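Protein chains in written order, with our numbering: chain F, 59 to 108; chain H, 34 to 599. We treat Cβ as the ideally placed atom computed from N, Cα and C, and that holds for glycine. Note that the structure is a prediction, hence the values are computed from the model and not measured. Working notes for the structure below.
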């Protein structure tokens, strides 16, 4: 299995030749999970630091 | 240690070395030796990424920090998930598509060989010394706690690691890291279980945590914006973001991990595993330290957890002072234990006033104990002239050696070895890659056979392993050197990240801009570090920004014709 994009001249710049779309859901999941984890940490502190 | 514990540690070392050495056949060419022929599954790469970052210093020092200071350190990692997303979108596909062996190889394609060589040299200097520190720090602690000879302990950590890394290459590094992560997590889980069970029968976990919470140890998020305060939400999110971008994006010891993945998306997923897991795992490690604190609320801790100088102090002219401190400590300990019980009882009544009064009494005695411990540490430093004397890193190992049952002690000691070895192995492999690919093959011998480079790679790995052990012996005796080496990292990562931002973010950056930008960045970071008291996390932002600004200024003022990346 290969999900490498076809080679393209980029001069060091980002292009859409290697589109991250297949991973977009995963990125969103990371952000959601981080928000939930931070909320959980804050809630944990709030509960025990009273 | 009991014979059973020694057996467990020995069995672990033999298992890891055997498993690593049997990978030798899979590393029959340079690409196999350094990049596993880009064939590894994302979950294995993800585990080795985590194992590489989590050294024994994390396991031992972070638990100690949880004991002494609480869970605020978890904020250090708040920028990591966003950093992983940014890297997945930018550098991971860039490096993978460029088919490079090292991150710095890419810099030559974008700029020139000077930029590549300078960046690689900075990496070799920084990582080479840090490899020694990563061996030294746990070796010092284990040698004291186990009563072992320090040099032998350093050899016990460094030699097996060097052997399987030298012969097995990145395949050995990765698959031993997978097993070592299992050992580490199993050890942590077992300790947490033992700590919860170790509370008195009539005290619940929630009640004990409320007591710890009263001391501020369970505060996890601090929203104040203070550049001088190291662990806040903002320094972790912003400063930590830049640090993690620099470390996971520009440090060869991490870049080489995801270059071994079987595809670009596998490389991305390997980093995103850390994005999901790192903060909860770090919180667990800190919580373990807090649970050690709650354990000792009901048991008798030593006045100082690091016993290395105790005999010397007791034999000195200030022995009477030490004895008086010890007596005072145990008296206040008894009073504190009573105050803890009173606080637990008050909470059960549900009367807020009673809870407030009981907690205030407990906190007063807790502060007295902290003051007594501080005076004991000062006394040790004054008598022994050892300014690097440290007690926090010995809390967890001392607890393990004195309080845990047979078998579990062996598992935890094996986990500490695993944490050290997993980090060192990745560093040795990446040091060898940068040395051979960026220096030897690029400058010294450019047209040899693959088998020649493979032989050199294995030899260079062995050299770096030996170098790390020698540095460890010196670092162990110069405790302040450990801090110096760690601080060098904060000078380095932000600036190197700035170079990569110039490389991938703008067409206008030129080779002179990159080189002078890097120099300007490190000078700026040095100046800010020396003349201000801002937290080291912010130095990464300073470095990256300075490199970008200086680099762009040079590039615009002195434009040059640049080669394009193929």
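Q) residue 65 (chain F) to residue 171 (chain H), Cα distance in whole Å? A) Caution applies to residue 65 (chain F), whose pLDDT of 36 falls short of 50 and renders its modelled position unreliable; the value that the coordinates give is listed next. In a straight line, the C-alpha of residue 65 (chain F) is about 46 Å away from that of residue 171 (chain H).
Q) Should residue 107 (chain H) be flagged as near chain F, meaning a C-beta pair shorter than 9 Å? A) Chain F, which has a Cβ nearer than 9 Å to the Cβ of residue 107 (chain H), makes this yes.
Q) Among all the DSSP beta bridges, which residues are the ones paired with residue 73 (chain H)? A) Per DSSP, H:294.
**Q.** Residue burial classification, residue 426 (chain H) (beta-carbon count within 10 angstroms, cutoff 16)
**A.** By the 10 Å Cβ count, residue 426 (chain H) comes out buried.
(Q) So, with DSSP's three-state summary, where would you put residue 418 (chain H)? (A) DSSP places residue 418 (chain H) in coil when its eight states are reduced to three.
**Q.** Top-ranked residue by Cα proximity to residue 372 (chain H), from H:349, H:350, H:450, H:400
**A.** Nearest C-alpha to residue 372 (chain H): H:400.
Q | Residue span of the alpha helix (DSSP H) that contains residue 491 (chain H), given as start and end | A | Unbroken alpha helix (DSSP H) run through residue 491 (chain H): 483-510.
Q. From which residue to which residue does the alpha helix (DSSP H) around residue 243 (chain H) run?
A. Residue 243 (chain H) -> alpha helix (DSSP H) spans 238-247.
Q. What's the C-alpha gap between residue 157 (chain H) and residue 369 (chain H)?
A. Going by the C-alpha atoms only, they are around 50 Å apart.
Q: Tell me the start and end of each unbroken alpha helix (DSSP H) in the segment 268-335 of chain H that is at least 4 residues and wholly inside, in chain order.
A: Taken in chain order, the whole alpha helix (DSSP H) runs of length 4 or more contained in the segment 268-335 of chain H are 273-283, 285-292, 297-331.
Q: With 9 Å as the C-beta to C-beta threshold (strictly closer), list the residues of the segment 87-102 of chain F near chain H in chain order.
A: For the segment 87-102 of chain F, which is checked against every Cβ of chain H, the residues closer than 9 Å are 87, 88, 89, 91, 92, 95, 96, 98, 99, 100, 102.
Q | Assumed close pair residue 167 (chain H), residue 449 (chain H) - CB separation to whole angstroms, cut-off 8 Å | A | Contact check for residue 167 (chain H) and residue 449 (chain H): beta-carbon distance about 12 Å, past the 8 Å limit, so the pair fails to qualify.
Q. Three or more beta-carbon pairs under 8 Å between the segment 304-319 of chain H and the segment 71-79 of chain H, yes or no?
A. The way I'd put it, the segment 304-319 of chain H does touch the segment 71-79 of chain H; three or more beta-carbon pairs between them come closer than 8 Å.
Q. Quick one: which chain F residues come within Cβ less than 8 Å of residue 114 (chain H)?
A. The contacting residues are 88, 89, 91, 92.
(Q) Less than 9 Å between CB atoms is the rule here; does residue 245 (chain H) satisfy it with respect to chain F? (A) Judged by the 9 Å Cβ criterion, residue 245 (chain H) is in contact with chain F.
**Q.** Residue from H:182, H:575, H:320, H:64 with nearest C-alpha to residue 106 (chain F)
**A.** Closest option to residue 106 (chain F), Cα to Cα, is H:320.
Q: Decide if residue 101 (chain F) is buried, meaning its Cβ has at least 16 other Cβ atoms within 10 Å, or exposed.
A: Under this definition residue 101 (chain F) is an exposed residue.
Q.
Within 9 Å of any Cβ in chain F, is that where the Cβ of residue 174 (chain H) sits?
A. Chain F has no Cβ within less than 9 Å of the Cβ of residue 174 (chain H).
**Q.** Interface residues of the segment 242-268 of chain H facing chain F [CB-CB below 8 Å]
**A.** Flagged, chain order: 242, 243, 245, 246, 247, 249, 251, 252, 253, 254.
**Q.** Any C-beta of chain H under 9 Å from that of residue 107 (chain F)
**A.** Residue 107 (chain F) counts as touching chain H.
Q: Leaving out five residues on either side along the sequence, give the residues of the same chain with a beta carbon under 7 Å from the beta carbon of residue 116 (chain H).
A: Counting only residues of its own chain and dropping the five nearest sequence neighbours on each side, residue 116 (chain H) has a CB closer than 7 Å to the CB of 274, 277, 278, 281.
Q. Among residues of its own chain, excluding the 5 on either side of residue 84 (chain H), which ones have a beta-carbon nearer than 6 Å to its beta-carbon?
A. Contacts found: 210, 213, 214, 455.
Q. At a CB-CB cut-off below 7 Å, which residues of chain B make contact with residue 313 (chain H)?
A. This model lacks chain B altogether; the protein chains it does include are F and H.
Q.
Is the separation between the beta-carbon of residue 451 (chain H) and that of residue 45 (chain H) shorter than 9 Å?
A. Their beta carbons are under 9 Å apart, which means residue 451 (chain H) touches residue 45 (chain H) by this criterion.
Q: Using alpha carbons as the reference points, say which of H:390, H:396, H:313 lies closest to residue 249 (chain H).
A: Checking every option, the nearest Cα to that of residue 249 (chain H) belongs to H:396.
Q) Using the beta-carbon count (16 or more within 10 Å), is residue 287 (chain H) buried or exposed? A) Buried, by the Cβ-count rule.
Q: Whole angstroms is fine: what's the gap from residue 43 (chain H)'s alpha carbon to residue 290 (chain H)'s?
A: So the two alpha carbons sit approximately 28 Å from each other.
Q: Run through the segment 88-132 of chain H for me and flag every whole alpha helix (DSSP H) of 4 or more residues, listed as ranges in chain order.
A: With a minimum length of 4 residues, the continuous alpha helix (DSSP H) runs that stay inside the segment 88-132 of chain H are 89-101, 113-122, 124-131.
Q: Please determine, among H:569, H:552, H:559, H:387, the residue with the shortest C-alpha to C-alpha distance to residue 580 (chain H).
A: If we check each option's Cα against that of residue 580 (chain H), H:552 comes out closest.
**Q.** CB contact check: residue 302 (chain H) to chain F, cutoff 9 Å
**A.** Residue contact with chain F for residue 302 (chain H): present (Cβ-Cβ distance below 9 Å to some residue of chain F).
Q | Straight-line gap, residue 147 (chain H) to residue 135 (chain H) (C-alpha atoms, nearest Å) | A | Each residue's alpha carbon lies about 15 Å from the other.
Q: Measure from the C-beta of residue 239 (chain H) to each C-beta in chain F and report whether the shortest distance is under 9 Å.
A: Chain F, which has a Cβ nearer than 9 Å to the Cβ of residue 239 (chain H), makes this yes.
(Q) Let me check you understand the geometry: is the CB of residue 378 (chain H) closer than 8 Å to at least one non-hydrogen atom of the ligand MN? (A) What this structure holds is no ligand at all, so the ligand MN is not there to describe.
Q. Does residue 482 (chain H) get closer than 9 Å to chain F when you measure Cβ to Cβ?
A. Chain F contact via Cβ: absent.
Q: Could you pull out every residue in the same chain whose Cβ sits closer than 6 Å to the Cβ of residue 477 (chain H), ignoring the five residues on either side in sequence?
A: So no residue of the chain qualifies.
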